[in-house]
Structure formats: C-alpha cells, structure tokens
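In order, the protein sequence lines correspond to chains A and B.
Quick note on numbering that gives the first Met the number 0: the first sequence kicks off at 0 and runs consecutively.
Quick note on numbering that gives the first Met the number 0: the second sequence kicks off at 0 and runs consecutively.
Before any comments, here is the structure.
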Amino acid sequence: MLTAERRVMVQASDIVKFYGRFKALDRVSLTIREGEKIVIIGPSGSGKSTLLRSINRLEEIDAGSMVVNGMDLYSPKTDLTRVREEVGMVFQSFNLFPHKTVLENLTLAQIVVRKRSKEESLEKARSLLAKVGLSDKASAYPGKLSGGQQQRVAIARSLAMDPKIMLFDEPTSALDPEMIGEVLDVMKALAEEGMTMAVVTHEMGFAREVADKVVFMDNGAVVEEGTPEHFFTNPGHPRAKQFLSQIL
Amino acid sequence: MTFKDTAKNIVDVGDGAAIPTKSDRGLFTAWRIAFVGAIAALAFLAWHKPDPYFNIIKFVPDGIVVTFKVTVGAILLALVIGLVTGLGRISSNRLFNGAASLYVEVIRGIPLLVQIFYIYYALGRFVKIPDLLSAIIAMAVCYGAYMGEVIRAGIQSIPKGQMEAALSLGMTRGQAMLHVILPQAFKVVLPPVGNEFIALLKDSSLVSILAVADLLRRGREFASESFTYFETYTVIALIYLIITLFFSKLIGIMEERINADS
C-alpha cells in the first residue's frame, strides 16, 4: 500500500452528530490521505453529506475530533478560515453568486481571502475557465448558464483557491441526465492530476472508475470500507449487498 | 435553477400607498384616475376660486421642501439604523442580538406621535440641536426599527447555500455578508424600502406638532390666520396625495426594472 506513507489530510475520529434527537452520525471515523480519492455512498439519510460537511465545519459535530491538514477544527487556537481556504467544496445546488459574473465568481475569494492582486486572480480564473471548457462564458451571469455549466464554474471557483483537498457533495444530483457526464469528466480529470478528493455521490460508475476507497454508510455509521473491486463484487455487510442490489 | 428558491415574497412590508404593477391593471387605472384627478382638482380650485385656493398654494411650497428634508433625512438615517438592527437580529452574539431585539420591541410598542414628542424633548434636554434635525432623528429612530425588520427579512431571503459557499472559500462571516449576502439582499429590500419611504413621507406630517414648518404646519399657519380650515386642508390633502402617488409610481417602475434584470 503506497498510500500508507502519504500525509494524512483528514482525520475524523469517533464523530457524533445529532439533529435534535436524531443521531445523524454515530461514532464515525475516516482517514483521507494526500492524493487519495474517497467516494462515500449509501442510502439517503445515512449521514454521508453530514460527514462531508463536517470536514470544513459547515456542520458542527457534537462529539469526536476532526483534524484537517494538521489543524484541529475544534481547537480554540485554530482559525477556521485558514482551514477552509485549503478545503474546496462543491455543492449539489452549485451556490454560485448570482449577482456576479462567472469571472467575478472565480476572483472574489482569491482577492478577499488569498489577497492576490486583481491581475493575478484574473489570470488564474481565466486559465481555470479554460480548463473546465467555459472560457466563452467568462462575462455571463450564472443564471444564464445550464446546470452542468454552473457546476463546472463552481468547481473552477473552488480550484481558484488552490485547495489541498476537494469535497464534492452530490455534485450531479441536481443535474439533468445529459449534463452529468460533463461534470464527471471535469472531476475525473482532476482526479488524474492527483487532487485529494472526497465525493458523496450516487454515480456508481464514477466510484468504480475513480475511487481508491469506497466508504458505505448506513444509519449514520460506516458499515463497509474498501477498494471498489471489493465493494462492488464482494461486499461483506448485508446492508451493502441490499443497497447494491437495489441500485445496480 | 438556482434562482428558484430566491425568495421574492417579502415585498409586502409597511403600509405605503399601493404600488401599481403591470399584472394589476385595475390598480393601474385607479392610480391614473387618482393622480390626474388630484392635479385637475387642484388646478380647477385655483382657477375657479383663487381666493383662498391659489393663495394657499402659493403659501405652502416652503413646507413641501421641509417635508422632503425630513423624509429624505429620516429614511437615510433609518437605513443605517436598520442595517445595524437587521444584522443584530440575525447575529449569534447574544448581546448584539438582544439589544437589537429590545430596540425593535420597544419602538413597535409606542405610538409614533408619542415617540416624536419624547425623542424631541429628551434630546432637547441634553443637546442643543436644530428642530429640523431633532425631528429627523425622531422619525429615523422609529422607522429604523421597521427598517431593521425589512433588512432582516431581506438577508434571510437569500438561500443558505450562499453563505455556505462563501464560508467554504475561506471568507469570514463579515466578508461573506459584505460581498455576497448584502448585495443580493439589497435588491430584495428595495421595494419594501420604497414602501417605507412613502409611509414615512405621510407620517412626517406628525412633525408639524413640533416647531418644524413642514407642509401640514404651513397649512395650519395659513388656515388659522384666514379661518379657511376646510379649504386649506383640502389643498394640503391633495398635495400629499399627488406626492405620494408620484413616488409609488416611481417605485413601481423601479421594481419592474429589477425584476426584469433577474
């Protein structure tokens, strides 16, 4: 296992999270190493999005510890914005800033957070737009773009911060079927470049092709964890077997 | 797609004159009848019975200027107070939140006329400031509370994902508010702020009880010297009506432009 020597990017230990009396996460632990691609799957309500969102503390946890890029998210000494600028996140609903052009969406945080010059951030933004194939949309407003285009812009917006890890929270779930491919292609290209990625998705083809490790969650707990070959051909846990038989 | 959940449903705040929109043709016609009718009535009276009507019309323009000074001054100050209050109402800082909520509750529970008296004389006890400024502050303190609620509703109408996206990029809450949330909320609150402006314009007639020579006060001065109460208040009412209708139309057009943009 080559990955064993790599630096740990995310160390989640015994995470517990309640929504009122509902236990959304039940002592979940997860390790993500540099360069690793983790795909988290499971039925809806299994806690996979909650787990992902706790990695940049968009979701507060009730117990356990979360260390990201060497920084403890719940230590009073940690500046949360410092952690978050290294952790890119792509949302199901894109969440582009509708009052700003595509280009401004990509430069805003570079200027405000990274304190880059306007020229530098513009250059970065333009090269990323070219990478996701949307150079011609630079001056358009997000409302004029298709869902697939918006999601590609959202990915570029996160990449503009030069993150050390990218989190994808069901990035294709809000898309029309014919647009899913273009977004997955961008994500695959990113994976090939060696980006550390954690992806919550229902796209089993993507998981099989890209994942180093598949994490299966059910009822707020990780019930199975392993390589895609192992998971898709010979899952051990009955819940995982049932899930696969329903979905494939 | 992302615009679907951008709430546009907080427009109905305040009690300004009805704002005509394209979809509301009946109201539009009513607006036209009222506006043209009020101007025609004023012109007819001035022509038909110059004494006292034309004399009244010549006497009150100073008052219109003062009414505008009070209204514009108070709305600008109320916006500043409202922004602070609105941010306070959604703040997780308990002291800030508590102070803002207390302010809103207290102001809402006291009649505007009482507040105007109170702030005017309370201010007068400690500082020597011009009557006009004192009246503006009194109106602004009152309307700031309502404006705070308008701005709070505007901020809360912006989808939660906007703040999350900004935070996930490493922005602080303040940066996210400044660059992402407030610019979007501004568009949403423009129509209700317009409503507040019209309501304030009408309520500004209350400052006539202070030593501020606004439109109503000027009318009262004229009436009490000439004993033409009925005629004077007819003119005053028509002038208020014309001004208010004019602004409600203006705000309606502005609102249409904004909706056309997005």
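Glycine residues also receive a C-beta, built at the ideal position from the N, C-alpha and C atoms.
This structure is a prediction, so every number in the text was calculated from the model and none was measured.
Applying the 10 Å Cβ sphere with the 16-neighbour rule, what's the burial state of residue 219 of chain B? Along the second sequence, one-based indexing puts residue 219 of chain B at 220. Label assigned to residue 219 of chain B: buried.
Where are the beta strand (DSSP E) runs, 3 residues long or more, that stay fully inside the stretch 94–168 of chain A, in chain order? 164–168
Alpha carbon of residue 205 of chain B to alpha carbon of residue 129 of chain B, nearest angstrom: Residue 205 of chain B sits at position 206 when you count from the first residue of the second sequence. Residue 129 of chain B sits at position 130 when you count from the first residue of the second sequence. One C-alpha to the other measures close to 17 angstroms.
For residue 164 of chain B, return the contacting residues in chain A, with the cut-off set at a CB-CB distance below 7 angstroms. One-based indexing of the second sequence puts residue 164 of chain B at position 165. Within chain A, the residues near residue 164 of chain B are 90 and 94.
Can you check whether the C-beta of residue 167 of chain B is within less than 7 angstroms of a C-beta belonging to chain A? Taking the first residue of the second sequence as position 1, residue 167 of chain B is located at position 168. It does: the Cβ of residue 167 of chain B has a partner Cβ on chain A nearer than 7 angstroms.
Closer than 7 angstroms, Cβ to any Cβ of chain A: which residues of the stretch 171–193 of chain B, in chain order? 171, 174, 178, 179, 182 and 183
Beta-bridge partners of residue 320 of chain B, as assigned by DSSP: With chain B represented from 0 up to 261, any question about residue 320 of chain B goes unanswered, as that position is not in the structure.
Could one say the Cβ of residue 189 of chain A lies closer than 7 angstroms to chain B's Cβ atoms, at least one of them? Stepping through the first sequence from its first residue, residue 189 of chain A is reached at position 190. Answer no: the Cβ-Cβ gap between residue 189 of chain A and chain B never drops below 7 angstroms.
Residues bridged to residue 58 of chain A (per DSSP): Within the first sequence, numbered from 1, the residue matching residue 58 of chain A stands at position 59. Answer is none; residue 58 of chain A lacks a bridge partner.
Buried/exposed call for residue 94 of chain A, threshold 16 Cβ in 10 Å: Indexing the first sequence from 1 puts residue 94 of chain A at position 95. Burial call: buried.
Among the candidates A:141, A:220 and A:75, whose CA atom is the shortest distance from the CA of residue 23 of chain A? Residue mapping note: residue 23 of chain A aligns to position 24 of the first sequence, counting from 1. Cα-wise, what sits closest to residue 23 of chain A is A:220.
Given a cut-off of 7 angstroms, decide if residue 151 of chain B and residue 193 of chain B are closer than it, judged by their beta-carbon atoms. In the second sequence, counting from the first residue as 1, residue 193 of chain B sits at position 194. In the second sequence, counting from the first residue as 1, residue 151 of chain B sits at position 152. Not in contact: residue 193 of chain B and residue 151 of chain B (Cβ atoms no closer than 7 angstroms).
For the stretch 42–57 of chain A against the stretch 207–226 of chain A, are there 3 or more C-beta pairs whose distance is under 8 angstroms? yes
For residue 116 of chain B, name the three-state secondary structure that DSSP assigns. Against the second sequence, residue 116 of chain B aligns to sequence position 117. Three-state result, residue 116 of chain B: helix.
Contact criterion: CB-CB distance below 7 angstroms. Does residue 160 of chain B meet it with respect to chain A? Along the second sequence, read from residue 1 onward, the residue named residue 160 of chain B stands at position 161. Residue 160 of chain B counts as touching chain A.
Is residue 11 of chain A close to the ligand NAP? I mean its beta-carbon at under 6 angstroms from any heavy atom of the ligand. Ligands displayed in this structure: none; no statement on the ligand NAP is therefore possible.
Short Cβ contact (7 angstroms threshold) for residue 153 of chain A with residue 124 of chain A: Residue 153 of chain A sits at position 154 when you count from the first residue of the first sequence. Residue 124 of chain A sits at position 125 when you count from the first residue of the first sequence. No, the pair does not count as a contact, with Cβ atoms beyond the cut-off.
Relative to the alpha-carbon of residue 208 of chain A, which residue among A:195, A:190, A:199 and A:224 has its alpha-carbon at the smallest distance? For the purposes of this step, residue 208 of chain A is taken as the residue at position 209 of the first sequence. Comparing Cα-Cα distances from residue 208 of chain A to each of A:195, A:190, A:199 and A:224, the minimum goes to A:190.
What three-state label does DSSP hand residue 4 of chain A in the structure shown? Within the first sequence, residue 4 of chain A is the residue found at index 5, counting from 1. Here residue 4 of chain A sits in helix by DSSP.
So with Cβ pairs under 7 angstroms, would you call residue 255 of chain B a contact of chain A? Counted from its first residue, the second sequence places residue 255 of chain B at position 256. False, the Cβ-Cβ gap to chain A never drops below 7 angstroms.
Residue from A:33, A:203, A:90 and A:228 whose Cα sits closest to the Cα of residue 7 of chain A: As a first step, residue 7 of chain A is located in the first sequence; it is residue number 8 there, counting from the start. Answer by Cα proximity: A:33.
Would residue 120 of chain A and residue 110 of chain A be called neighbours here (beta carbons separated by less than 7 angstroms)? Position 121 of the first sequence holds residue 120 of chain A. Position 111 of the first sequence holds residue 110 of chain A. Cβ distance < 7 angstroms, so residue 120 of chain A and residue 110 of chain A count as in contact.
Cα separation between residue 6 of chain B and residue 185 of chain B? By one-based count along the second sequence, residue 6 of chain B stands at place 7. By one-based count along the second sequence, residue 185 of chain B stands at place 186. In this predicted model, residue 6 of chain B has a pLDDT of only 42, less than 50, meaning its place in the structure is not dependable; the value taken from the coordinates is given anyway. Cα to Cα, the separation comes out at about 13 angstroms.
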